[in-house]
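Just add 10 to the spot in the sequence shown (first one is 1) and you have this note's numbering.
Virtual Cβ for every residue (Gly too), placed ideally from N, Cα, C.
Here the structure comes first, spelled out in structure tokens, and everything after it is commentary.
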Amino acid sequence: EIKVKCGDTVSFNKASGFHNFKEVAGDDCAAPLVKEYVAPTRDAFTTDITFDKPGERFFICDVGNHCTARGMKVKVVTQGPCK
């Protein structure tokens, strides 16, 4: 779990391996897709996300069993108030 303040930007980085980066609608690897930020790739990537609304958001890598067996998921809690 990552806690951020409203307006903070978090950089999600991947240097190696075969991964993707998605936002899903809940704290479950099978939760509905909100947005796919990066399709499966072997290339390095950085994705910057600004958190501008209070609440919880969930991000995963669901290539193979990365989320379910390897725990590649994170919850980001944005603490308000937001302007």
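| Asked | Found |
| --- | --- |
| DSSP bridge partner residues for residue 14 (one or two, in chain order) | 88 |
| Under 8 Å between C-beta atoms of residue 39 and residue 78 | yes |
| Reference residue 73; option with closest CA among 83, 64, 66, 65 | 83 |
| Inside the segment 35-63 only - beta strand (DSSP E) runs reaching at least 3 residues | 43-51, 55-60 |
| Alpha-carbon to alpha-carbon, residue 20 and residue 59 | 5 Å |
| Distance between residue 57 and residue 25 (C-alpha atoms, nearest Å) | 12 Å |
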